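Note sheet for the following structure.
In my numbering, the protein residues as written are 471 to 547.
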């Protein structure tokens, strides 16, 4: 579940290994590029942490963030 914190949507994803995590990040990268909305994220081994906020609207959560969050979740369905 995404949580709202510090004007960001945040979620941590865990995978079986680094390759699975990196594959997920690659899919998210293509998705984010298609929406022209890019996450702040980090990856350590099998864990990917994503933060979404809209910089153009003063670093607040907008519909763009909600839309991308839902699309990211669908990758794993």
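Backbone N, C-alpha and C define an ideal beta-carbon position, used for all residues, glycine too. All values derive from a computational prediction rather than experimental measurement.
Contact between residue 482 and residue 519 holds: their C-beta atoms lie close to 5 Å from each other, under 8 Å. In this structure, the straight-line span from the alpha carbon of residue 509 to that of residue 525 is close to 10 Å. Selection 504, 496, 506 evaluated against residue 512 yields 496 as nearest (Cα-Cα).
For residue 522, the enclosing beta strand (DSSP E) has its first and last residue at 517–522. Under the three-state reduction of DSSP, residue 479 is assigned to strand.
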